[in-house]
Structures are given as C-alpha cells and as structure tokens.
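Below, the structure written as structure tokens:
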C-alpha cells in the first residue's frame, strides 16, 4: 500500500515517531499525565482548561487564538515535568513576536519556536531556535502552514552548521503535525487532534522540553562564538584535536534539507601558537562511501611508488595533504549516522529509496583558491594544466576522478591541485561498469555522455545502421574526466566574457543553462563535434583562449571516435589489457596539458571581471546572474565591477518545450541559414 506524502514529505505513523525519532520519555509522560488529570486539566484524554479555537471559515479575528492556547499547554506540561524531574526544562515554547537575529532566513520567520534555555545561546538569536513552529489557525481551509514550516526547518539546517537535524510543528485548527528533517530524510506524522489526544501531546512536549541539545539536533562537537569583529566563528573537533575557524571558504547550502551540505573553513589548530592556516571541510557523506582522507592517504602512497611519473613537480604536489580526518562522534562516542543515531537504527517506513549519511570531517594542510574565484585568466588555465597532470597520474594508476569542476580545482602557491576525491574509483574491472553515474558530477562541467548516460559518438553507416551493433554497457572512462576540464575552461572564458558581446552571452546561456534538459545535453555534444563554432565571434583579448579550447574540443572528439569506433579492442583497457593499436586514452592528457599551458602564457595580464563566481552544485542549477563588465588586457589595474552602465544579464530559464529566442546579432545556425536560402530562392522564383 503506497504511503501518503504531505507537501512532498513522506508521512509515517505516529508510533514510528514516538518509538524511533523523538527522545524517549514514556515514564515521565505517564507521571505528568497522572498529575494533570488530578489537577483537572485532562478529562477522558481531552484538555478541559483551554477553550478550543473557532472552526475554519469563521469571520472572527482568531488568527492567534490557537497559538495562544498551545503555549500555555506547553508551559503547564513543562512546569509539571520540572516538579517531577527536579530540574528545569532545556527549552521553552515562545511567541516569535520578538525579532531574531543572526540568520539569512528568506521566508517569513516561524510565528512560534521551541527555543533553547542556555547561557551558551543568545536569547534573541535564531541559532537558539531548536524547533520551528507554525501554530496560527488559518481562516481558509486552502491556506496551510505546511509550506512555511518546511521553509523554516530547511532554513534552520541551512543557516546553522551545528544542526544535524531539526523537528518542526505545524497546526491548522486542532490538527497538529510533527515534522522531522535530517540530512537524509524528511518525515511528517498524520494529523493529531491536540485537544482530544492530550496524552500524546504531553509526551511530545515533554520529549522536546527536556531533550538535550544533541537530542534536539545540535552537534556538540562544534561550538559557536564571535570573534573580535563580531563575526560568527566556530570551534570544531576533528578526532582528538580542536580547530578554530577564521573564515568561511565554501558553503554549498542546498534548497532542500537533505544532502551533503559541504562547508569549508579556513582555520587553525587550537594548540598551534603560530596559528598556521589549514582548510577544514565538513560534510555528510553517503554511508558506505570510502572516506576522502583514506582515498588521499592511499593515493599518496601509490604516487610515491611511481618510477617515472613524468611531471615537472613531485606527483604528490598535484593533490592535497591530509592532516586529520574521521567521522564526527556523538556524545556517547558513536559515529554520527542519520539512521543509527537519529532514528535508532530504523529506516522510515516510506515508499521511497532508503539511504543514509554519515557526518565526516577532514583537515587539509593547504588552503587554496578554486578556479571560479581566481582573478586572472592565466592562473585559471595554469590550474587546469596542473589538474590535467593530476588526471594523467590517476590514469597511470587506473583511476578516474568523476567530479572535476571549477570548485575542486585549487591553486596553491602557483600550483594547481585536484581535490574532492570522494568519488575516486578504478575504471578497470567488471565491477566499475555502472558505478553511481546517475548522481555524480557537477552539472556545468559534467561530460555530455555521463549526463546522457549513453555513448554519443558511435559511428553510423548511411545514417541508419550502427557500425557497432551491440556496444557494451555505458561506463565512466578517463575521457569523461578530461572533458570536464574542457568545460571548466570554457565556463571560465564564457562566464567572464558574456558581457563583451550578445553572441557570447547567448553561448553561455545555451551551454550553461539554469536547468539541464535532453536538448541541452545534445547542444553541448554538438558544441564539441562542431568545434565550439559559436564562440568564434568573441572579440579580443579572450579570442586566443577560446580558440585553444576549440582545438581541444576537436582533439577530444577524435579520441572519442577512436574509442567508440572500436569497442571490441578498446574495451580491453577496462580489463587491464593494452589494445593492439593503442588505447584511445593515450596522449589525450599530454595534449590538454600542453594547450592549457599555451593558453596560460597567452592570457597573461587578462583579469577577470567577475571573480568569486556563484557556487556550483551537484544539482542541475547554473550560477545566478551577475552584472558583468568588459574584460581588459591591461596588466596595471584589474577591472572592478562597475556600478553603472553595465549590461544586465537576466536570468534564463530553459523549459523542455520551447527553445530560447536567438539574438539577432548571434551567428546563424545551419538551420537558420538553410531557411534563409529557401526564402531567398522562393522570392526570386516569384519575381521570375
């Protein structure tokens, strides 16, 4: 029997919530209920001391009546619980009429909150909001609190790095729902009549009022403080060591509560008197995934064993150095796990796929600048050359990266480094044929074949019959990693050059859209097969760089044709056997390295107009629009973003039904040129 979902969130039985999700307070709830019955507050399982709200549809001004009736119930339950436990509650239900501070919240704040009562938290800060609540009774049945409650809960997880999960409470008339949001699951209960089911409400309020900070979703291995400038910083535990953050380097906050939510800080070890900067990365990784630190440590050992790496620098310099890493520990010393710790080892009874995540941290010796934040185009090309060196080393070891992007290619002291090795895998052997290709990669830089999950360059005979009747199952190969470096280069040029011409703007909007669709993928593959011809209208000083990238696209296409035109022999490389006529992967890295180095030399003195580009996510979402400025080749002074007279780049939304209208200044496509010839011929025929 399929399960119900509320606003897209799966609904689970109340019993699952009380048995597996909420803190266990069964004995306390029984004692408190007994006392409330004696005092006359509960009769036959219903509340009697509080008047129920007027039903929906009333013209009476009762917007806040429900809210103001629930808060006294919470206070009474907490007060009786305090007398039983002989200690005050850790949280209180309060009205949100006072303004909270310190968050980036976009939707309206919740009208009520269960807030922590602790000297560690500013009483007016949103970081003390343990449980967002939407309690106002709506006058119209179609108006629901659910959407605002979901937004508020997602904001809690987005804005506070210490949050592992959060509960939520919504109330429409007398129907109360309990919500749960973690990094792997979103759950909601069926409606509970809070006036007629008093024992359940007592158990719920006691569970939340007397829960520890960890039981309310806070990470006790991370503490918050304000530095001398008033900025929020954190003291974070990794293993046995503590690190103090100084600056946020990367914050991949997602619109949904679930996900990796990777954050990277510049920090220093607490016991380091010199405060040497390091990079601290915090994320929620998929359960069962090999730790990035383990991957890197093993990789460095294998690189040291290479007899002739053929690189200008020691091979280890093309990758980051691990100082510390491990799973985050809960208060009882267990690894922080979204199922084992948050739902007591029970997967929610939903129809969707069941998966889980683990909280992981890693500390790197190097603090680098990602390609999308570099201010000089030559630096970006140099970083790409070194990243391709790293890919060549991985290829020598039989490995593929599978997530090359502008965010995980870093420049450190003039040397490019390839980071984020969580998805590192061997491309050899039968087990690698279908390794997670559906969810891997950053949309803007993913290979067209990986995005389409099919081979796109299999030769055809007479446009109808394939020369390869049965190609092997699609699998990730080294060419796909190399193609990602090409798209990083193209993005670097087109993103910063789209203010130079209408044609370049259209080029960027076409190949890096807000939403990827099937025809977007086809367009990207055509861009490679046609040599990125649309970019030829780009004016100096970026034209030489784009011409080099066009040449690399043609070279890559040739390697694709070699590989997919001879599957019988080329597929031997997956089994560790050299093909008779050589592998299609041989030489591709060297060609890209040489051309990226040439581009770096030709781009000296070209400063990028829009550094610190928007974040890129693993979902198919392109960067938000910015105001670009023309690019100058003057080496004396880099251009700053102009405040006036700059062309506004509007957001572009690509639908699956209609293509975007082409600019009149853009170069003609083959189809438009063909239609123009037909129209001209028709006009001449009429004259005749």
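Residue numbers (full-length UniProt numbering): 1 to 688.
A virtual CB, placed ideally from N, CA and C, is assigned to each residue, including glycine.
| query | Based on Cα-Cα distance, which residue from 562, 184, 12 lies nearest to residue 581? | reply | Here residue 581 corresponds to residue number 581 of the chain shown, with the count starting at 1. Its Cα nearest to that of residue 581, the residue 562 stands out among 562, 184, 12.
| query | Assuming residue 285 and residue 186 make a contact with CB atoms under 8 Å, what is their CB distance in whole Å? | reply | If you number the chain shown from 1, residue 285 lands on position 285. If you number the chain shown from 1, residue 186 lands on position 186. Residue 285 to residue 186, Cβ: 19 Å. No contact.
| request: Starting from residue 547, trace the alpha helix (DSSP H) both ways and give me its first and last residue. | output: To locate residue 547, count along the chain shown from 1; it is residue 547. Start and end: 543-564.
| field | Contact under 8 Å by Cβ, residue 337 with residue 363 | value | Position 337 of the chain shown holds residue 337. Position 363 of the chain shown holds residue 363. No, they are not a contact pair.
| task | Would you mind listing the alpha helix (DSSP H) stretches within the segment 464-522 that are 4+ residues and don't spill past its ends, in chain order? | result | 478-497, 502-511
| query | Can you tell me whether DSSP reads residue 157 as helix, strand or coil? | reply | Your numbering for residue 157 matches position 157 in the chain shown. Helix at residue 157.
| query | According to the Cβ coordinates, are residue 265 and residue 249 closer than 8 Å? | reply | Mapped onto the chain shown, residue 265 falls at position 265. Mapped onto the chain shown, residue 249 falls at position 249. Cβ atoms of residue 265 and residue 249: closer than 8 Å.
| field | Sequence-distant residues of its chain with Cβ nearer than 6 Å to residue 175 (five each side left out) | value | Position 175 of the chain shown, counted from the first residue, corresponds to residue 175. Same-chain partners within the cutoff: 191.
| field | Proximity winner among 10, 544, 526, relative to residue 556 (alpha-carbon distances) | value | As a working note, residue 556 is residue 556 in the chain shown. Nearest option by C-alpha distance: 526.
| Coarse secondary structure for residue 293, derived from DSSP in three states | Locating residue 293 in the chain shown gives position 293, counting from the first residue. Here residue 293 sits in helix by DSSP.
| DSSP three-state call for residue 530: helix, strand or coil? | The residue given as residue 530 occupies position 530 in the chain shown. Residue 530 falls in the coil class under three-state DSSP.
| said: Which residue wins for smallest C-alpha separation from residue 296, given the options 390, 44, 182, 179? | reply: Taking the first residue of the chain shown as 1, we reach residue 296 at position 296. Minimum Cα distance to residue 296 is reached at 390.
| query | Among 399, 596, 411, which one has its Cα closest to the Cα of residue 544? | reply | Along the chain shown, one-based indexing puts residue 544 at 544. Cα-wise, what sits closest to residue 544 is 596.
| query | How many whole angstroms separate the CB atoms of residue 366 and residue 411, which I take to be in contact at a CB cut-off of 8 Å? | reply | Here residue 366 is taken as the residue at index 366 of the chain shown, counted from 1. Here residue 411 is taken as the residue at index 411 of the chain shown, counted from 1. About 10 Å; that fails the 8 Å criterion.
| What's the call for residue 225, buried or exposed, on a 16-neighbour Cβ count within 10 Å? | Here the question's residue 225 lines up with position 225 in the chain shown. By the neighbour-count rule (16 or more Cβ atoms within 10 Å), residue 225 is not buried but exposed.
| task | Given a cut-off of 8 Å, decide if residue 600 and residue 385 are closer than it, judged by their beta-carbon atoms. | result | Start at 1 with the first residue of the chain shown, and residue 385 comes out as number 385. Start at 1 with the first residue of the chain shown, and residue 600 comes out as number 600. Yes; because the gap between Cβ atoms is below 8 Å, this pair is in contact.
| Ends of the alpha helix (DSSP H) at residue 569? | Taking the chain shown and counting its residues from 1, one reaches residue 569 at position 569. Per DSSP, residue 569 belongs to the alpha helix (DSSP H) from 567-570.
| query | How many Å lie between residue 397 and residue 327 at the Cα? | reply | In the chain shown, residue 397 corresponds to position 397, counting from 1. In the chain shown, residue 327 corresponds to position 327, counting from 1. Taking the straight line joining both Cα atoms gives about 27 Å.
| field | Three-way DSSP call (helix, strand, coil) for residue 86 in this model | value | Taking the chain shown and counting its residues from 1, one reaches residue 86 at position 86. Coil, per DSSP.
| 7 Å Cβ shell around residue 510 - same chain, five flanking residues per side excluded | Here the question's residue 510 lines up with position 510 in the chain shown. The answer, listed in chain order, is 523.
| Do you know how far the Cα of residue 485 is from the Cα of residue 404? | Here residue 404 refers to the residue found at position 404 of the chain shown. Here residue 485 refers to the residue found at position 485 of the chain shown. Approximately 7 Å, taken between the alpha carbons.
| request: Leaving out five residues on either side along the sequence, give the residues of the same chain with a beta carbon under 8 Å from the beta carbon of residue 37. | output: In the chain shown, counting from the first residue as 1, residue 37 sits at position 37. Counting only Cβ-Cβ distances below 8 Å, and skipping sequence neighbours, we find 43.
| query | Where does residue 258 sit, in a helix, a strand or coil, going by DSSP? | reply | Here residue 258 refers to the residue found at position 258 of the chain shown. Secondary structure at residue 258: coil, using DSSP grouped into helix, strand and coil.
| request: Report the three-state DSSP secondary structure of residue 224 (helix, strand or coil). | output: Indexing the chain shown from 1 puts residue 224 at position 224. Looking at residue 224 - three-state DSSP - the assignment turns out to be strand.
| said: Within 10 Å of its beta-carbon, does residue 359 have 16 or more other beta-carbons around it, so buried, or fewer, so exposed? | reply: Position 359 of the chain shown, counted from the start, is the residue given in the question as residue 359. Looking at its Cβ environment, which holds 16 or more other Cβ atoms inside 10 Å, residue 359 is buried.
| field | Secondary structure of residue 651, DSSP reduced to three states | value | Position 651 of the chain shown, counted from the start, is the residue given in the question as residue 651. Confidence at residue 651 is low in this model, with a pLDDT of 31, below 50, so the placement of that residue should be treated as unreliable; the coordinate-derived value is given next. Looking at residue 651 - three-state DSSP - the assignment turns out to be coil, as it is neither helix nor strand.
| query | If we call anything under 8 Å between Cβ atoms a contact, is residue 78 one with residue 116? | reply | Stepping through the chain shown from its first residue, residue 78 is reached at position 78. Stepping through the chain shown from its first residue, residue 116 is reached at position 116. Going by C-beta atoms, residue 78 is not nearer than 8 Å to residue 116.
| Short Cβ contact (8 Å threshold) for residue 17 with residue 178 | Translated into the one-based positions of the chain shown, residue 17 becomes position 17. Translated into the one-based positions of the chain shown, residue 178 becomes position 178. Their beta carbons are under 8 Å apart, which means residue 17 touches residue 178 by this criterion.
| message | In this structure, how does DSSP classify residue 643 when only helix, strand and coil are distinguished? | response | The residue given as residue 643 occupies position 643 in the chain shown. Note that residue 643 scores a pLDDT of 34, beneath 50, so its modelled location is shaky and nothing firm can be said.
| Which whole-angstrom value describes the C-beta separation of residue 209 and residue 89, a residue pair presumed to lie in contact below a C-beta threshold of 8 Å? | For this step, residue 209 is matched to residue 209 along the chain shown. For this step, residue 89 is matched to residue 89 along the chain shown. Confirmed, Cβ separation roughly 4 Å.
| field | Spatial distance of residue 218 from residue 27 (CA atoms) | value | Position 218 of the chain shown, counted from the start, is the residue given in the question as residue 218. Position 27 of the chain shown, counted from the start, is the residue given in the question as residue 27. Those two C-alpha atoms are separated by around 25 Å.
| query | Just checking, does the segment 233-252 make contact with the segment 166-175 on the three C-beta pairs under 8 Å criterion? | reply | no
| task | Measure how close the beta-carbons of residue 482 and residue 598 come, nearest whole angstrom, since I'm counting them as under 8 Å. | result | For this step, residue 482 is matched to residue 482 along the chain shown. For this step, residue 598 is matched to residue 598 along the chain shown. Not really, about 16 Å apart at Cβ, beyond 8 Å.
| If you draw a straight line from the alpha carbon of residue 281 to that of residue 291, how long is it in whole angstroms? | Looking up residue 281 in the chain shown gives position 281. Looking up residue 291 in the chain shown gives position 291. C-alpha separation (whole angstroms): 12 Å.
| 7 Å CB neighbourhood of residue 289 in its chain, flanking five on each side removed | Indexing the chain shown from 1 puts residue 289 at position 289. These residues qualify, in order along the chain: 422.
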